[in-house]
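Have a look at the structure below before the remarks.
There are 2 protein chains.
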Amino acid sequence: MKAKLPPRTVERLSIYRRLLDKYKDLDEAHIHSHKLAALLNLTPEQVRRDLMLIGLTGNHRKGYNISALIGLIGDTIDREESQKVALAGIGNLGKAVIGFIRKSNTRMNVVAAFDIDKNKVNTRLAGVPCYEISQAGKIIHDEQIRIAILTVPPEAAAETASLLLDSGIKGILNFTSVHLDVPPHIYLKDYDIITSLEEIGFFITD
Amino acid sequence: MKAKLPPRTVERLSIYRRLLDKYKDLDEAHIHSHKLAALLNLTPEQVRRDLMLIGLTGNHRKGYNISALIGLIGDTIDREESQKVALAGIGNLGKAVIGFIRKSNTRMNVVAAFDIDKNKVNTRLAGVPCYEISQAGKIIHDEQIRIAILTVPPEAAAETASLLLDSGIKGILNFTSVHLDVPPHIYLKDYDIITSLEEIGFFITD
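Sequence lines, in order, name chains C and W.
At position 177 of the first sequence the residue is numbered 1108 (this note's numbering), and the sequence of numbers has no breaks.
At position 119 of the second sequence the residue is numbered 1050 (this note's numbering), and the sequence of numbers has no breaks.
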């Protein structure tokens, strides 16, 4: 089942699952929408609406069955098999992100890392093979990789993104703080650390 | 001037400035709202509305003066002086984030890093002094730090966040993928790498 869901709903479903994963180790078998909502600073209506979208309607007086909920969320948002991810830019940030993903419980699987620096290639980083960026086209095509993480320096961001998209990448998680001009069918998510810090700095109260 | 602006507007103003910073090195002195909009995949109306909020109304037939725009955005979203930032969790991700910020042109200034590991403290990381986490309360208080970046392992996230908030931190950029339960007056921004990759994986088309 791959329903038509809004991005925010998919994001919340992923967050529900992460939270529920902790609850399933406890003795509780059920959870109420208002409890889930309170733990995540959402309204119970929002939670119930999201769960209706994945097929959970009707009376849940005892609360939702936690195992069933985890299963249904997976049926909705997971692909059948693990998804292959490429990473471009094997600097400190790139290495840290690879390490972070490898330690996490996820179906996202980093299968190739690319860099311009010849000293960084033909090695393995936390098990991930590293290649020269010139090989990206062939490897992304052969491995049918569709998702990329961009951790190159800002000055290389636009060029590298173009290369990735030309190679068949359809979605990018962009850490570069550089605005990328991508076609509408490409799914782009920006992690702009400086902008986020400036936003926090603006909104905090003294 | 610190206007009441919505978070999305502040975020866009920060992004406008980053883009305009590149234009000021070119020969162009003015930029039209529709050009700025096209470069960022926004509507010209959106851009004009944002710029009206920082006081730019009236006729801009030649386009907006780029230097004036950069100055006005700074007057609106920057604090007077640079803002101090603390980082908790000196692992690979923490080190990478410190390096990234130091290389960026920003008023955000990481002035202290904390870790539980005694081998990592009493050193400097890209110029940033590293302390044991037990000293966080005193240092955050003495230095009047209000913003923190959380890059500790997931199992330490909740406890470390509590400690930071008790010490006077008002805003957190959270890289841990763990949901933090913070009071309403705290400004929390989550960078949840796994959730974002799952979101990208859900929305890309084959």
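Ideal placement from N, C-alpha and C gives every residue a C-beta, glycine not left out.
Proximity test, Cβ basis, 9 Å: residue i and chain C
| i | result |
| --- | --- |
| residue 1045 of chain W | no |
| residue 1101 of chain W | yes |
| residue 977 of chain W | no |
| residue 1039 of chain W | yes |
| residue 1112 of chain W | yes |
| residue 1062 of chain W | no |
| residue 1053 of chain W | no |
Residue closest to residue i, alpha-carbon to alpha-carbon, out of the options
| i | options | result |
| --- | --- | --- |
| residue 1094 of chain C | C:970, C:1047, C:950 | C:1047 |
| residue 1104 of chain W | W:1111, W:1014, W:951, W:1081 | W:1081 |
| residue 1002 of chain W | W:976, W:988, W:944, W:1135 | W:944 |
| residue 1051 of chain C | C:1133, C:1025, C:938, C:1134 | C:1025 |
| residue 1131 of chain W | C:974, C:1106, C:1079, C:1064 | C:1079 |
| residue 1097 of chain C | C:1107, C:1120, C:1066, C:1106 | C:1066 |
| residue 984 of chain C | C:1056, C:1086, C:936 | C:936 |
| residue 978 of chain C | C:957, C:1055, C:1010, C:940 | C:940 |
| residue 1100 of chain C | W:1136, W:972, W:947 | W:1136 |
| residue 1074 of chain W | W:1060, W:1036, W:1084 | W:1060 |
Contacting residues, own chain, Cβ-Cβ under 8 Å from residue i (five flanking each side not counted)
| i | result |
| --- | --- |
| residue 993 of chain W | 961 |
| residue 997 of chain W | 951, 954, 955, 959, 960, 961, 962 |
| residue 1058 of chain W | 1033 |
| residue 1028 of chain W | 1018, 1080, 1082, 1106 |
| residue 964 of chain C | 975, 978, 979, 982, 991, 994, 995 |
Contacts around residue i, its chain only, beta-carbon distance under 7 Å, and the 5 residues preceding and following it disregarded
| i | result |
| --- | --- |
| residue 1070 of chain C | 1043, 1062 |
| residue 1022 of chain W | 1082 |
| residue 1040 of chain W | 1013, 1014, 1015, 1016 |
| residue 932 of chain W | At residue 932 of chain W, the pLDDT of 43 sits below 50, so the modelled position is not reliable and the matter cannot be decided from this model. |
| residue 968 of chain W | 974, 975, 977, 978 |
| residue 1054 of chain C | 1061 |
| residue 1009 of chain C | 1038 |
Same chain only: Cβ atoms within 6 Å of residue i, ignoring 5 sequence neighbours per side
| i | result |
| --- | --- |
| residue 1076 of chain W | 1015, 1017 |
| residue 1045 of chain W | 1019, 1062, 1064, 1067 |
Below-9 Å beta-carbon distance, residue i vs any chain W residue
| i | result |
| --- | --- |
| residue 1122 of chain C | yes |
| residue 1026 of chain C | yes |
| residue 1072 of chain C | no |
| residue 1059 of chain C | no |
| residue 1023 of chain C | yes |
| residue 963 of chain C | no |
| residue 986 of chain C | no |
| residue 1127 of chain C | yes |
| residue 1083 of chain C | no |
Assumed close pair residue i, residue j - CB separation to whole angstroms, cut-off 8 Å
| i | j | result |
| --- | --- | --- |
| residue 1134 of chain W | residue 1005 of chain C | In fact, because the Cβ distance is near 17 Å, the residues do not count as touching under 8 Å. |
Proximity test, residue i beta-carbon vs the ligand ZN heavy atom, cut-off 8 Å
| i | result |
| --- | --- |
| residue 1086 of chain W | The model on display carries no ligand, and the ligand ZN is accordingly not part of it. |
**Message:** Taking contact to mean 3 or more Cβ pairs, one atom from each stretch, closer than 8 Å, check whether the stretch 1123-1131 of chain C and the stretch 1029-1038 of chain W are in contact.
**Reply:** yes
**Prompt:** If we count Cβ pairs, one from each stretch, closer than 8 Å, do we get three or more for the stretch 1110-1118 of chain W versus the stretch 1087-1102 of chain W?
**Reply:** yes
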